[in-house]
Amino acid sequence: MSREACNTNEPEREAGDANNNPSDSSANLGLARLWISQCIQHHELCRLGNSSTQPGLLPTRLINVHDRSQPFLQVMKGEVLEPYLALSYRWGEGMMGQALKSTNEAYQRCLPLNDIPRTCWDAIQVTRMIGYKYLWIDAFCIIQDDEADKSRELLKMGEIYRHALFTIYAKGSSSSQSGLFSRKESCISQARRMQVCATIPLVDQGTETAEATLAGAFDGKDYLEERGWVLQESVLSSRRLAFGNWMSWKCTMARATETRPVLWARHNAETNGFAGEVEKLRMWIFAPARMREAPRQSWLRWNQFNSWYAVVEIYSTTNLTYVSDNLPALSGLAQLLQQTYRASYAAGLWLEDLQVGLTWYVASNDERKMPWRGDMAPSWSWAAVGKVRIRFRSWPSQSTHVTSEGLELLEASCEPEIPLNPYGGIKKGTLKVRIRLRKALLRYKPEYTPGRFKYDSISGSDYPLFSNVDEREQPQFPGLILDMELNHVIGEAALDTPIHLSQRLADSLDVSCMIESNPPASSEKEVWCGLVHVQETKERHQLTALVLEPVSDSLLVYRRLGLLFLTDQSWFGLSPSGPSILREVSDVLMDVIELI
1 MSREACNTNE PEREAGDANN NPSDSSANLG LARLWISQCI QHHELCRLGN SSTQPGLLPT
61 RLINVHDRSQ PFLQVMKGEV LEPYLALSYR WGEGMMGQAL KSTNEAYQRC LPLNDIPRTC
121 WDAIQVTRMI GYKYLWIDAF CIIQDDEADK SRELLKMGEI YRHALFTIYA KGSSSSQSGL
181 FSRKESCISQ ARRMQVCATI PLVDQGTETA EATLAGAFDG KDYLEERGWV LQESVLSSRR
241 LAFGNWMSWK CTMARATETR PVLWARHNAE TNGFAGEVEK LRMWIFAPAR MREAPRQSWL
301 RWNQFNSWYA VVEIYSTTNL TYVSDNLPAL SGLAQLLQQT YRASYAAGLW LEDLQVGLTW
361 YVASNDERKM PWRGDMAPSW SWAAVGKVRI RFRSWPSQST HVTSEGLELL EASCEPEIPL
421 NPYGGIKKGT LKVRIRLRKA LLRYKPEYTP GRFKYDSISG SDYPLFSNVD EREQPQFPGL
481 ILDMELNHVI GEAALDTPIH LSQRLADSLD VSCMIESNPP ASSEKEVWCG LVHVQETKER
541 HQLTALVLEP VSDSLLVYRR LGLLFLTDQS WFGLSPSGPS ILREVSDVLM DVIELI
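Numbering-wise, the sequence shown is residues 1 to 596 according to the UniProt record's numbering.
This is how it looks when you write it as structure tokens:
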């Protein structure tokens with residue numbers, strides 16, 4: 001395909017100078033080349049999982065940036081090519097310049113400058129100036145009005161970021177029009193060597209003199225850290241060149257900044273059990289054998305599923321433009337984890353670890369609006385409650401998972417919205433399980449939410465439970481579970497929504513105004529509780545159960561309402577580990593049910 005010049009009047013960017021040094025100056029980009037070179041040559045962990053030149057692992061399209069004034073969209077043929085970079089950025093309102101069916105052919109000849117948002121254009125220039133030929137940008141490398149193309153390419157997102165040599169991370173760009181680069185005063189942006197003098201009286205009464213490097217620490221707002229789609233990009237990108245107030249480098253093994261340019265080592269998940277959760281999940285995907293053999297604390301629950309739950313907790317605090325993207329925005333991660341471990345994925349959970357995966361709950365400290373749409377995912381999936389803060393039940397140190405006493409999965413089925421992508425949105429899903437069931441009474445009062453942490457606001461028989469709650473848990477909608485016969489509090493409920501809203505009566509509600517929105521003074525509801533898992537410690541047993549409601553009179557199909565936290569095993573007919581509050585448990589059922 002012939003390509004004619006289409007950017008003949010492309011303006012030159014102003015070069016940086018000593019007093020007003022932009023991040024795209026030749027000196028700074030030379031520093032970036034040094035970081036990249038040192039990482040590629042010396043960092044073994046950063047090379048794991050990255051094979052960008054292998055056939056079949058390349059994106060369908062890449063932007064060829066070799067010609068400064070005439071970048072174009074190149075359709076890849078699966079051949080071995082040189083490495084490519086990827087851009088992680090924020091679209092913002094009114095995103096201009098996208099690959100469409102009507103522009104796709106023209107873009108293969110040339111990308112017009114007027115069609116390229118400033119952040120994307122800057123990334124194109126950085127790619128070329130650092131010495132690379134290819135760049136992947138979603139807006140141009142996915143045909144945005146072609147649903148079939150979007151489905152295919154979104155399924156490959158995980159592989160795309162995994163196999164990019166590194167990701168250009170536009171952390172300081174509030175939108176696609178903001179650009180990558182900032183200008184700053186040299187007096188605050190450049191590192192300074194200073195002599196520091198200190199008197200050490202306990203040694204020799206003399207003065208010790210040493211040199212230290214002092215530099216600015218504030219790098220400005222990170223506009224990407226709250227963006228839901230970026231999290232999987234962060235997990236799968238072993239190397240990241242970021243542009244904020246300063247240019248910085250972060251890889252699996254080291255980091256550096258303009259103001260502290262010498263690479264310094266980071267804690268990595270292979271050698272440090274307290275490394276970041278993003279780093280842990282990356283290593284579980286890229287180097288599973290090394291992670292299994294890594295030294296760790298004996299009490300730590302150490303596997304790929306636990307790292308997945310931790311990343312889901314982080315992900316739940318981020319934002320999405322469309323809540324329907326809740327599962328798709330993690331689909332690349334899910335796909336790679338499934339391929340690595342041959343595990344079975346179902347609507348955000350892993351069937352091999354379902355006794356733990358089902359123990360998610362809606363957590364407090366979230367002021368976002370909470371959509372209630374029952375068709376987003378099955379009720380047993382954390383995606384069913386929309387984009388709100390999620391936590392999984394805590395595991396006490398030195399605890400043992402008593403799997404034989406928990407839920408048993410018999411069968412599972414999920415129907416994806418897009419047949420080609422089983423890791424994305426779900427139309428419907430069913431779990432068939434064998435579970436211990438017991439009928440109970442659920443009580444919810446609006447005052448429970450603030451009262452759980454201010455015990456003097458709760459009166460009467462409810463006070464004893466909330467004065468002895470498990471402080472590691474943080475339910476947004478706490479309730480009480482009572483025994484039907486004795487009217488005795490069994491444990492604390494963590495509801496997915498307040499009872500009076502569980503029938504999908506509202507399209508959206510403001511969680512921060514939940515208590516002030518004149519809800520019913522008190523709500524009670526007969527429910528069924530199903531034991532999910534048992535944790536055994538030296539002091540006691542910790543039980544977690546599902547709070548369920550039947551969807552028909554047959555008592556064979558149930559919908560989830562939340563979780564139950566309790567410590568008395570005897571309530572579910574198990575051998576008590578301490579004083580039991582009940583004498584008879586004849587109404588405990590071991591039944592096979594379906595969860596939808």
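Backbone N, C-alpha and C define an ideal beta-carbon position, used for all residues, glycine too.
Residues near residue i in its chain [Cβ-Cβ closer than 6 Å; skip 5 each side]
i: Gln335; result: Gly158 and Tyr423
i: Val402; result: Val534 and Glu536
i: His66; result: Lys133
i: Ser364; result: Gln474 and Gln476
i: Pro550; result: Tyr558
i: Glu153; result: Ile142
i: Leu330; result: Gln232
i: Ser517; result: Note that Ser517 scores 47 on pLDDT, short of 50, meaning its location in the model is unreliable and no value can be drawn from it.
i: Glu411; result: Lys432
i: Gln177; result: Pro117 and Arg118
i: Glu594; result: Thr430, Lys432 and Val557
i: Gly92; result: Ser175 and Ser176
Residue span of the beta strand (DSSP E) that contains residue i, given as start and end
i: Trp246; result: Run containing Trp246: none; DSSP gives neither H nor E here.
i: Met129; result: Element bounds for Met129: not the beta strand (DSSP E) but the alpha helix (DSSP H), Arg118 to Ile130.
i: Gly530; result: Ser523 to Glu536
i: Arg255; result: Ala254 to Thr257
i: Arg260; result: Arg260 to Ala265
i: Tyr169; result: Thr167 to Tyr169
According to DSSP, residues forming a beta bridge with residue i
i: Glu594; result: Lys432 and Val557
i: Leu494; result: What sits at residue 494 in the sequence shown is Ala, not Leu. BP columns for Ala494 point to Pro478 and Leu563.
i: His401; result: Gln535
i: Cys414; result: Gly429
i: Phe72; result: Asn64
i: Trp350; result: Tyr345
i: Ile390; result: Val362
i: Gln542; result: Gln535
i: Tyr444; result: Ser523
i: Leu409; result: Val433
i: Leu548; result: Trp528 and Arg560
i: Lys439; result: Trp528
Inter-residue CB distance, residue i and residue j (contact presumed, cutoff 8 Å)
i: Leu337; j: Ser381; result: That pair is no contact at about 16 Å.
i: Ser238; j: Cys251; result: 6 Å
i: Ala493; j: Leu563; result: 7 Å
i: Arg438; j: Trp571; result: 7 Å
i: Thr340; j: Pro288; result: 6 Å
Cβ neighbours of residue i in the same chain (closer than 7 Å, five flanking residues each side left out)
i: Asp146; result: Lys101
i: Ser151; result: Ile418, Leu420 and Asn421
i: Glu225; result: none
i: Arg227; result: Arg90, Thr318 and Asn319
i: Leu351; result: Ser344, Leu409 and Ala412
i: Asp587; result: Arg438 and Lys439
i: Lys538; result: Gln398
i: Asp366; result: Val388, Arg389, Gln476 and Val511
i: Arg61; result: Leu73, Gln74, Val75, Met76 and Cys141
i: Pro328; result: Leu154, Gly424 and Gly425
Extent of the continuous alpha helix (DSSP H) run through residue i
i: Tyr341; result: Ser331 to Tyr341
i: Leu281; result: Glu277 to Phe286
i: Ala86; result: Counting along the chain, Ala86 falls outside any alpha helix (DSSP H), though it belongs to the beta strand (DSSP E) covering Tyr84 to Ser88.
i: Leu135; result: Counting along the chain, Leu135 falls outside any alpha helix (DSSP H), though it belongs to the beta strand (DSSP E) covering Tyr134 to Trp136.
i: Ile160; result: Met157 to His163
i: Tyr315; result: Gln304 to Tyr315
Beta-carbon spacing of residue i, residue j below 8 Å
i: Gly530; j: Arg436; result: yes
i: Gly429; j: Pro378; result: yes
i: Val278; j: Val311; result: yes
i: Arg393; j: Thr497; result: no
i: residue 604; j: Ser316; result: As shown, the chain starts at 1 and ends at 596. That puts residue 604 outside it, with no answer to give.
i: Pro83; j: Ile124; result: no
i: Leu180; j: Asp222; result: no
i: Leu358; j: Leu546; result: yes
i: Leu548; j: Val527; result: yes
i: Thr119; j: Ser173; result: yes
i: Ile63; j: Leu165; result: no
i: Gly78; j: Leu58; result: yes
i: Leu45; j: Glu313; result: no
Own chain residues within Cβ distance below 8 Å of residue i, not counting five before or after
i: Leu263; result: Trp35, Gln38, Cys39, Trp249, Ala254, Arg255 and Ala256
i: Thr167; result: Leu85, Ala86, Leu87, Ser88, Tyr161, Glu233, Ser237, Arg239, Arg240 and Leu241
i: Ser413; result: Gly429 and Thr430
i: residue 601; result: Since the first and last residues shown for the chain are 1 and 596, residue 601 lies out of range.
8 Å Cβ cutoff, residue i in contact with chain C
i: Glu524; result: Here chain C cannot be found, since the structure has a single protein chain.
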